[in-house]
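Residue numbers (our numbering): 6 to 354.
Okay, so here's the structure we're looking at.
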Ligand SMILES: [Zn+2]
Ligand SMILES: [Zn+2]
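Here you go:
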């Protein structure tokens with residue numbers, strides 16, 4: 006038997022092709038995919054052949070945000086049944102390196118993360134009709150949850166970790182004034198979580214009205230298009246800045262500068278967006294004693310994300326603006342690249 010995959014052969018060379026279907030090894034299950042979200046990293050692989058030092062050096066099946074249905078159990082699998090609908094955790098740390106042993110598996114030295122070109126050979130991803138994956142990476146979703154919502158568990162896990170990093174330093178978000186710069190999928194989900202955690206104000210900035218409209222559906226108390234209405238942020242810049250916590254989700258230099266200007270002295274900025282070298286106004290950061298904190302992927306947050314989705318705690322479907330069948334993977338990528346139109350674009354199987 007064969008199965009279809011969406012495989013990138015190099016920059017701008019995305020192909021839907023068939024490969025032999027490999028059944029589940031012991032401890033694995035075979036999944037029939039239902040939906041898979043396109044992430045910024047998939048776009049970078051496609052548009053630029055990679056990002057920073059990470060380059061596509063061999064054909065790679067893209068995708069690390071997916072959900073599907075269990076269709077076959079490998080030997081020794083317990084706790085899952087054929088027919089279970091599951092969100093797929095793309096993260097597979099080794100469990101034995103120094104970071105794994107220390108309880109920080111997101112920094113695993115031999116991390117296997119699906120759809121990632123970081124290591125060579127590349128770790129093949131989830132944009133495919135069928136996938137054999139470790140049973141431990143499958144989290145059962147509730148009956149009413151759509152495949153589309155379940156496929157958002159991965160970016161939600163990223164944002165849960167970001168919120169956790171913020172609360173480690175700044176205390177609970179309840180009652181706090183929160184700024185979110187960048188209203189893509191990660192910004193939208195940080196917005197929803199800040200609101201869920203009881204933030205008093207959640208102000209979201211972006212350059213596009215479409216993404217800001219989605220941010221309002223996910224709980225933003227105010228949105229500012231900094232391209233057309235930058236002055237709307239002025240009241241928040243008063244008194245050295247008025248936000249307690251900022252989630253910087255754009256990785257754009259002007260937004261980072263704005264984030265530092267708008268965050269209050271002693272405040273906290275969580276850098277969620279990722280890019281290469283970016284200039285930042287260190288004088289302001291230091292002078293205001295702002296904590297600038299990184300956040301990377303997730304660990305236990307994946308299970309917590311699935312629980313939130315199962316509980317219907319967040320309007321996940323509002324974020325998914327487009328869906329395309331696998332045959333139209335290139336069109337799906339183009340739609341995801343057009344930030345004036347889309348927030349989260351998914352491929353369906
Ligand atoms: Zn992602
Ligand atoms: Zn490890």
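No residue lacks a Cβ here, since even glycine has one placed at the ideal position from N, Cα and C.
Check your understanding: Hey, would you say the C-beta of residue 306 is under 7 Å away from at least one heavy atom of ligand 1?
Key -> Counting from 1 along the chain shown, the entry for residue 306 is found at position 301. Answer for residue 306: no, Cβ out of range of ligand 1.
Exercise for review: Would you check if the distance between the CB atom of residue 60 and the CB atom of residue 68 is smaller than 8 Å?
Suggested key: Here the question's residue 60 lines up with position 55 in the chain shown. Here the question's residue 68 lines up with position 63 in the chain shown. Cβ distance not < 8 Å, so residue 60 and residue 68 don't count as in contact.
**Study point:** Element boundaries [beta strand (DSSP E), containing residue 191]
**Key:** Position 186 of the chain shown, counted from the start, is the residue given in the question as residue 191. From DSSP, residue 191 is part of no beta strand (DSSP E) but of the alpha helix (DSSP H) over 190–201.
Review point. In chain order, what residues of the same chain have a beta carbon less than 6 Å from the beta carbon of residue 296, not counting five sequence neighbours either side?
Key: Mapped onto the chain shown, residue 296 falls at position 291. Contacts found: 174 and 273.
Review point. So, helix, strand or coil for residue 326, using DSSP?
Key: Sequence index remark: in the chain shown, residue 326 carries index 321 (1-based). In the structure shown, residue 326 sits in a strand (DSSP, three-state: E or B).
Practice item. Tell me residue 296's beta-bridge partners as DSSP assigns them. Key: As a first step, residue 296 must be located in the chain shown, where it is residue number 291. Answer is 273.
Point to revise | Cut-off 8 Å between Cβ atoms - residues of its own chain near residue 118, not counting five sequence neighbours on either side | key: Reading the chain shown from its first residue, position 113 is the one you call residue 118. Same-chain partners within the cutoff: 69, 95, 96, 97, 128 and 302.
Review point. Among 52, 36 and 37, which has the Cα closest to the Cα of residue 43?
Key: Along the chain shown, one-based indexing puts residue 43 at 38. Nearest C-alpha to residue 43: 52.
**Study point:** Cβ-based neighbour list, residue 116, same chain, cut-off 6 Å, excluding 5 preceding and 5 following
**Key:** Numbered from 1 along the chain shown, position 111 holds the residue referred to as residue 116. 98, listed in sequence order.
**Study point:** Spatial neighbours of residue 130 in its chain, beta-carbon cut-off 6 Å, leaving aside the 5 residues before and after
**Key:** Sequence index remark: in the chain shown, residue 130 carries index 125 (1-based). Around residue 130: 66, 67, 68, 69, 119 and 120.
Practice item. Give me the Cα-Cα distance between residue 280 and residue 257, rounded to the nearest whole angstrom. Key: Your numbering for residue 280 matches position 275 in the chain shown. Your numbering for residue 257 matches position 252 in the chain shown. Rounded to the nearest angstrom, the two C-alpha atoms are 8 Å apart.
Exercise for review: Work out the CA separation of residue 305 and residue 159 for me, nearest whole Å.
Suggested key: For the purposes of this step, residue 159 is taken as residue 154 along the chain shown, with counting starting at 1. For the purposes of this step, residue 305 is taken as residue 300 along the chain shown, with counting starting at 1. Each residue's alpha carbon lies about 11 Å from the other.
Point to revise | Every unbroken beta strand (DSSP E) inside the segment 204–246 [3 residues or more] | key: 206–211 and 227–230
Review point. For residue 284, which of 263, 213, 22 and 135 has the nearest alpha-carbon?
Key: Locating residue 284 in the chain shown gives position 279, counting from the first residue. Measuring from the Cα of residue 284, the nearest candidate turns out to be 263.
Check your understanding: Does the beta carbon of residue 101 fall short of 7 Å from some heavy atom of ligand 2?
Key -> Counted from its first residue, the chain shown places residue 101 at position 96. Answer for residue 101: yes, Cβ within range of ligand 2.
Review point. What is the DSSP secondary structure of residue 259, reduced to helix, strand or coil?
Key: On the chain shown, residue 259 is found 254 positions in, with the first residue counted as 1. Looking at residue 259 - three-state DSSP - the assignment turns out to be helix.
**Study point:** Span separating the alpha-carbon of residue 188 from that of residue 86
**Key:** Taking the first residue of the chain shown as 1, we reach residue 188 at position 183. Taking the first residue of the chain shown as 1, we reach residue 86 at position 81. When rounded, the distance between both Cα atoms is 38 Å.
Review point. Going along the chain, which unbroken runs of the beta strand (DSSP E) with 3 or more residues stay wholly within the segment 113–174?
Key: 135–139 and 143–145
Check your understanding: What's the gap between the Cα of residue 90 and the Cα of residue 58?
Key -> Residue numbering aside, residue 90 sits at position 85 when the chain shown is read from its first letter. Residue numbering aside, residue 58 sits at position 53 when the chain shown is read from its first letter. If I take the Cα positions, the gap works out to 36 Å.
Check your understanding: Just to confirm, does residue 254 get its C-beta within under 7 Å of one of the non-hydrogen atoms of ligand 4?
Key -> Of the ligands one can find in the structure shown, namely ligand 1 and ligand 2, none is ligand 4.
Check your understanding: Sorted by chain position, which residues of the same chain lie with C-beta nearer than 6 Å to residue 226's C-beta, five sequence neighbours on each side aside?
Key -> Mapped onto the chain shown, residue 226 falls at position 221. 206 and 207, listed in sequence order.
Practice item. Go to residue 78, then tell me how far its beta strand (DSSP E) extends in each direction, as first and last residue. Key: Within the chain shown, residue 78 is the residue found at index 73, counting from 1. First-last of the beta strand (DSSP E) with residue 78: 70–78.
Point to revise | Span of the beta strand (DSSP E), counted from its first residue to its last, around residue 10 | key: Walking along the chain shown from the start, residue 10 turns up at place 5. Residue 10 -> beta strand (DSSP E) spans 7–15.
Exercise for review: Check whether the Cβ of residue 347 lies closer than 7 Å to any heavy atom of ligand 1, and answer yes or no.
Suggested key: Residue numbering aside, residue 347 sits at position 342 when the chain shown is read from its first letter. No, the Cβ of residue 347 stays beyond 7 Å of every heavy atom of ligand 1.
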